[in-house]
């Protein structure tokens with residue numbers, strides 16, 4: 001038996017390869033399936049079963065494409081959203097991978113169709129060795145409950161609670177929890193940093209076990225997590241098991257400065273550098289979306305077929321950036337600036353700088369205009385006095401509704417400065433004259449015990 | 001300016017990437033174009049020109065696929081076999097890559113349409129910095145002259161001579177020679193091991209310069225180099241600029257022993273291990289084709305659509321083997337034995353061994369039956385007394401015409417033992433009882449000064 | 001918190017890197033510590049604690065060298081064999097790595113000083129998140145109990161039982177078991193193939209929990225596992241925390257055939273190819289030790305300072321082979337044959353072949369001479385009728401005491417044919433004329449239901 | 001025959017590996033010799049000859065260490081600075097590498113002992129296949145002539161001219177030129193971007209051929225190239241054949257923010273990010289030295305044993321930065337900030353930002369204070385009107401001699417902004433209040449046709 005976790009960075013997604021006796025199951029593949037084929041090859045096995053816990057909302061699934069490349073069958077549940085499956089399992093159904101016994105468990109709540117899959121070392125085992133929990137049970141958290149319907153989030157949280165207690169709790173404390181996401185995913189909040197976890201660990205630390213059903217439902221059901229617009233596209237493409245990758249490494253053309261200037265003129269430019277670099281200099285009207293933020297904020301700022309141009313730190317960053325975008329279905333990456341921003345400014349092209357500010361300096365300002373672009377729950381947990389709030393995802397639409405003076409300095413903040421960078425670029429595009437990123441963000445601000453409200 | 005040589009192993013093929021000023025030309029792409037895109041990316045450039053020297057016969061070209069992935073135009077000559085080109089050049093036509101000037105030169109002989117491309121650092125340069133010579137001029141050799149028509153090989157050799165002398169000789173002794181093949185290719189013979197060469201070097205060492213036209217034509221035109229049957233397929237697919245790759249890494253399924261036994265039963269199995277390992281044990285009726293020999297001898301033993309099963313040293317050898325086969329259009333690789341031959345014998349499956357013999361031991365045998373499977377020119381240059389001759393490529397068809405006693409030991413030899421390994425497996429399939437590979441082959445035999453005739 | 005397992009292949013050794021809050025502990029480093037530094041770097045942390053579970057016997061430890069390179073302190077127990085430690089812990093002592101609490105547990109039995117280290121997520125945790133068990137508790141097994149004194153093996157097995165039950169059993173079923181070895185180690189037998197395990201899993205499957213103290217002690221204490229001679233050297237060098245590596249990649253010189261022949265004449269040659277290749281051809285008097293077997297059988301056949309020469313499949317196999325040998329302190333690797341065995345035979349040098357035989361063929365032989373070179377427990381569990389037995393490690397010393405006719409065929413067998421390959425080469429060196437390896441070994445033999453006794 | 005160029009980035013150094021017949025020569029090894037051993041291994045050969053063209057001034061040589069690891073002999077000339085050589089060659093002496101003939105040529109000028117080594121394919125060859133030219137002849141340039149004595153630079157340029165014409169010119173136009181440096185080295189100026197060059201190419205384009213002796217001597221001899229202070233250390237350590245590396249990958253400890261703040265307090269911090277990032281935010285009093293500039297400007301700002309702390313973009317940049325410093329003997333790298341500058345500002349630590357300015361914005365300023373930190377020749381070739389000049393290497397010593405108002409904005413410029421970044425950080429350390437980097441530098445300025453004088 002072999003187990004490998006294959007992480008898709010940026011979306012903190014975990015796919016799992018479980019191999020035994022010349023067979024292997026791959027749980028919840030994302031679009032770039034080559035990593036799974038490589039992993040199977042390195043273990044001397046082949047993927048024979050593709051197993052889905054639910055219809056993913058936050059990334060393009062790779063089930064259909066992986067099935068085509070391997071000939072493996074897709075195993076999932078008997079619900080409409082699983083229509084592309086080859087083997088449609090009912091709660092309690094079992095199948096074999098090598099000598100391992102896999103039992104399907106219907107665990108609704110995060111989504112109505114959510115399934116978990118318990119793994120038994122042999123047919124007689126009383127307790128599970130592990131359980132693939134999808135977005136039902138994370139390390140230290142559960143999946144969000146608002147996706148099926150925002151106004152039924154509390155009820156769905158109760159359904160998660162029931163699924164966990166009725167289907168998972170009895171699998172044995174020793175069972176490894178193998179979820180579909182880790183810390184950083186938009187599918188949950190407050191996940192534990194524990195690299196491995198067991199059911200016993202979750203019973204000790206996870207709210208779904210430590211709180212009552214009522215308390216858990218209220219807490220989880222009242223989380224307000226934004227729902228990026230690209231989720232709708234994901235829902236659609238994933239109904240058919242997702243899409244094959246479109247862009248391969250090297251496919252995004254590196255343009256000379258002149259070519260890039262011509263081609264990107266009037267188009268959407270994503271500058272993937274860190275906020276410090278963007279502050280030091282950037283192409284006018286470009287969006288600042290740091291590399292790791294592309295598979296979330298790239299999707300807030302573009303439609304599925306929007307042409308996108310990239311400005312990076314260097315050419316080696318182009319393929320990872322395009323990969324991040326492709327994970328959420330943004331395939332129309334038309335080109336990148338060869339040599340990164342440096343090439344642009346060395347060619348004598350016009351560019352702009354923006355500001356950065358330290359917490360200490362901000363704390364010394366009188367009546368600064370502060371814009372906090374974090375999520376509502378984060379904002380409510382403590383923010384800079386008199387800060388205005390607008391989640392970064394909504395900022396482009398709402399920028400003109402804010403009570404901000406475009407001709408006075410605006411300080412933008414978030415957790416540590418990444419999302420604020422996105423916000424800075426949106427304000428600059430909207431005509432603000434002096435926009436500064438509070439580098440270190442609320443993390444630094446709170447560390448310094450500066451006032452919050 | 002940057003220059004990179006990208007080698008396709010097994011066929012000793014050189015593609016060349018020449019970059020300047022944000023543009024790059026890729027000369028003579030083979031099918032697996034990812035390597036060219038990676039190379040361009042690493043140089044911070046993109047491929048804008050795809051340049052062809054001739055319609056290749058020994059591998060699947062990648063021009064059309066590379067054009068599709070990059071948007072680059074295909075540059076070639078004004079001949080029927082170049083019909084898929086975007087820019088059809090006449091002798092003397094020029095184009096630019098960055099500030100470099102490229103001049104097309106019609107250099108027929110190896111094939112009627114063969115082109116060379118001289119590179120000048122600037123428009124005023126009197127001598128060329130380099131010249132892409134395709135199969136017209138190699139390091140220490142020229143391309144073979146028999147391909148257009150076997151009975152006009154001497155005439156075509158003369159055409160090569162004329163092309164070299166009229167078009168290339170005047171480019172300047174300092175010009176780098178950048179050919180399409182290196183030592184080991186089936187497109188030439190006797191290439192020099194020199195890693196880089198200039199026109200000056202060739203003038204010193206190459207027969208096309210050191211011999212008279214008459215002497216060169218006779219020598220080159222009378223070489224007898226086999227023409228593998230897959231050449232016909234290559235000619236066809238390359239008329240359209242070749243094919244995209246079909247199998248990606250990891251696509252060849254690793255089968256358990258039972259699955260492999262069932263699937264491969266009655267099918268073509270290629271055992272890619274070295275001859276020593278094959279002698280020590282192999283699956284009955286499998287062909288012994290060492291890994292590096294797949295893109296030649298794999299093509300003698302199969303049709304383009306023949307199902308093929310692989311037995312390797314280990315799982316890491318499966319993808320390279322499939323890659324080799326795909327280079328000559330053999331895409332129907334149905335599976336590989338997980339764990340290699342070792343898995344087979346450990347599972348208690350039946351297998352066979354065959355023999356190996358040292359030159360010393362053979363020299364002590366009385367009247368051994370020796371079969372020499374080298375090419376005719378090699379055989380004629382000196383062979384073991386009384387050895388029979390049949391080129392390995394023809395052996396399967398002609399094995400029953402040979403005067404060999406199937407019930408007596410047969411010793412098979414070639415250069416060092418690789419091709420002999422192919423021959424051994426063909427004889428075993430034909431019912432020979434005791435077949436032994438002369439490991440070290442004629443190289444060892446001659447080193448030991450054993451008798452030849 | 002991050003956890004990484006770093007495996008040393010060949011000895012199935014697990015080192016563990018556990019990082020939290022800018023600190024990291026490395027448990028049981030082997031000699032080639034670069035892998036640990038690379039792992040720490042990739043996690044953005046540095047190694048601050050080196051933790052030892054016991055004085056290793058089967059490989060050169062890397063504690064002292066890792067301490068020198070990192071400045072980290074060595075944590076171990078208060079026993080003589082731990083004299084090189086910086087922090088000498090008593091049973092129950094605790095220390096911190098980031099916010100994690102580590103508790104030292106004295107768990108003697110495998111060796112008198114054996115320690116385990118329980119990991120708690122915070123100081124208030126009632127159950128452990130994981131426990132580093134060294135050679136005390138493996139997945140599905142415990143460490144061997146014969147090392148401290150062969151005649152007290154049963155008593156020591158009882159001590160292991162007591163350690164597990166008194167110190168580990170109460171840590172909580174959810175605790176991950178993090179041992180120093182996996183399947184394939186000479187430090188245990190019959191380990192489970194489970195890739196991860198918890199205390200709960202072990203309680204279900206491990207003899208130390210499923211058997212009574214008496215039954216476990218008798219079973220474990222009566223195992224007869226050979227003790228390779230290099231263990232004595234390991235005991236000595238590991239008293240001081242082991243040794244730095246001596247050979248780096250590329251340090252083993254690749255010799256031409258002539259140079260190799262001169263240098264290796266009369267010296268110890270290890271041929272690291274698979275038995276099939278060795279059977280097909282090998283240098284006379286060389287030992288056949290397949291690559292993965294070097295860190296065990298390489299040590300049975302050489303002293304710590306013995307000069308060793310390598311024959312491999314190819315040049316890429318030279319460094320891994322030298323690495324394997326260095327893991328058990330064999331640093332005097334003087335050179336390797338450039339191009340592997342193939343270069344040798346192509347140069348016309350003399351060589352020999354030996355035989356391989358299938359189970360089916362052996363089963364048809366009348367009164368074959370069979371030599372079984374497995375361990376005593378393996379032999380006793382079922383062997384070919386009339387087979388003689390001599391463990392491969394003792395064979396060179398005892399070959400002349402066996403009742404074997406050197407002029408008649410001898411069939412050598414083991415599990416699948418690797419150790420038999422070592423045995424074949426020892427018999428050939430001893431003057432046996434016709435030695436054949438039963439490829440597939442007893443695994444294949446039993447699969448075929450051929451007779452055993 | 002095989003030839004490989006192994007580049008040391010940052011110092012644009014070329015080492016050359018030339019292999020034939022189981023032997024190989026390595027010309028001009030730098031300190032990190034592992035790359036050479038890896039290259040030899042990949043070619044199936046071993047390094048038997050280490051060949052030196054001269055005592056290097058700009059990096060730590062690796063001859064002695066490579067000799068120790070390989071057992072190879074060091075070949076150089078019969079001059080005092082070559083005292084560590086094993087084989088001391090006179091002009092015209094020859095030796096063999098495989099079947100290749102190597103002829104030593106004394107080519108003084110760059111340094112008195114400078115040697116070149118011509119390569120002949122065989123003993124009878126009339127023209128050389130290639131020539132290793134060290135710093136005597138580059139692509140499009142020659143080595144600088146001021147090193148032996150600044151006041152004899154013109155005379156030494158004449159000596160270079162004589163060496164080239166008397167010793168190299170007759171080797172044949174087809175000879176490949178294989179020098180010790182490429183574009184970007186401090187050992188020359190104005191090298192051609194040609195990736196390969198022949199003697200014929202040089203005769204066409206290189207001043208040493210296209211100018212008269214007098215004209216060349218005056219031009220080359222009057223170049224004013226700064227001589228970094230670490231050259232003196234290099235001269236000393238290279239007298240003994242250089243030094244082994246001290247730091248290996250992973251050896252630079254990654255510190256938490258608190259640890260880094262404590263340890264680096266009052267110490268030299270090198271911030272290796274691009275100038276844009278440094279402008280956006282940096283630790284007060286840190287030096288801005290972009291990664292690629294470390295092996296030059298790192299040496300202007302520190303002594304050989306100065307403790308150095310690193311701030312990078314991310315942890316993956318730490319080892320490359322330390323490697324750059326080690327190439328010029330700066331081995332006392334005490335630690336790096338884990339997580340880069342981002343970790344620092346997220347922890348709430350104080351930091352500063354500085355300014356960047358575009359050419360367009362500068363062009364609109366009235367009477368700006370501009371400081372140009374390029375070399376004298378660059379400054380004289382055209383600078384911004386009224387700019388002051390001080391080469392960046394001298395700036396720390398001379399900053400208080402400049403006529404700059406510390407309380408008014410200062411714009412710093414160089415070629416494109418890298419060296420200006422170093423200058424910015426020096427001015428900030430000296431108490432300047434508002435310092436701005438002209439990103440794009442004089443390259444952008446001139447592209448825009450803004451006024452120069």
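Chains as they are written, first to last, in full-length UniProt numbering: chain D, 1 to 453; chain W, 1 to 453; chain U, 1 to 453; chain R, 1 to 453.
All C-beta atoms, glycine included, are put in the ideal place defined by N, C-alpha and C.
Min CB distance residue i to chain W below 8 angstroms
{"i": "residue 200 of chain R", "result": "yes"}
Contact under 8 angstroms by Cβ, residue i with residue j
{"i": "residue 75 of chain U", "j": "residue 95 of chain U", "result": "yes"}
CB contact check: residue i to chain D, cutoff 8 angstroms
{"i": "residue 331 of chain W", "result": "no"}
{"i": "residue 195 of chain U", "result": "yes"}
{"i": "residue 129 of chain U", "result": "yes"}
Same chain, Cβ closer than 6 angstroms to residue i, five either side skipped, listed in chain order
{"i": "residue 340 of chain R", "result": "312, 313 and 314"}
{"i": "residue 372 of chain U", "result": "379, 383, 387, 389 and 413"}
{"i": "residue 435 of chain R", "result": "354, 410, 424, 427 and 428"}
C-beta neighbour in chain R for residue i, strict 8 angstroms
{"i": "residue 92 of chain W", "result": "no"}
{"i": "residue 45 of chain U", "result": "yes"}
{"i": "residue 416 of chain D", "result": "yes"}
{"i": "residue 3 of chain W", "result": "yes"}
{"i": "residue 346 of chain D", "result": "yes"}
Cutoff 8 angstroms; reference residue i; Cβ partners in own chain excluding five residues on either side
{"i": "residue 359 of chain W", "result": "438, 440, 444, 445, 448 and 450"}
Exposure of residue i, with buried meaning 16 or more beta-carbon neighbours within 10 Å
{"i": "residue 28 of chain D", "result": "buried"}
{"i": "residue 266 of chain U", "result": "exposed"}
{"i": "residue 210 of chain D", "result": "exposed"}
Residue i at chain U interface by Cβ criterion, 8 angstroms
{"i": "residue 173 of chain D", "result": "yes"}
Residue i CB to nearest heavy atom of the ligand COA below 7 angstroms
{"i": "residue 453 of chain D", "result": "Of ligands this structure carries none, so the ligand COA is not represented either."}
Identify every run of the beta strand (DSSP E) within the UniProt domain "Rhodanese" (271 to 353) of chain R, keeping only runs that are complete inside it and at least 3 residues long; order them along the chain. Runs of the beta strand (DSSP E) inside the UniProt domain "Rhodanese" (271 to 353) of chain R: 308 to 311 and 333 to 337.
Of all the alpha helix (DSSP H) runs that stay within the bounds of the segment 172 to 205 of chain R, which reach a length of 4 or more residues? If only complete runs of 4 or more residues are kept, the segment 172 to 205 of chain R shows the alpha helix (DSSP H) at 199 to 205, in order along the chain.
Practice problem: With a floor of 3 residues, list each beta strand (DSSP E) that falls wholly inside the UniProt domain "Rhodanese" (364 to 453) of chain D, ordered by position along the chain. | Solution: The qualifying runs are 369 to 372, 410 to 413 and 435 to 438.
Note down, in chain order, all residues in the segment 153 to 187 of chain U with a beta-carbon under 7 angstroms from any beta-carbon belonging to chain B. The chain labelled as chain B is not found among the protein chains of the depicted structure, namely D, W, U and R.
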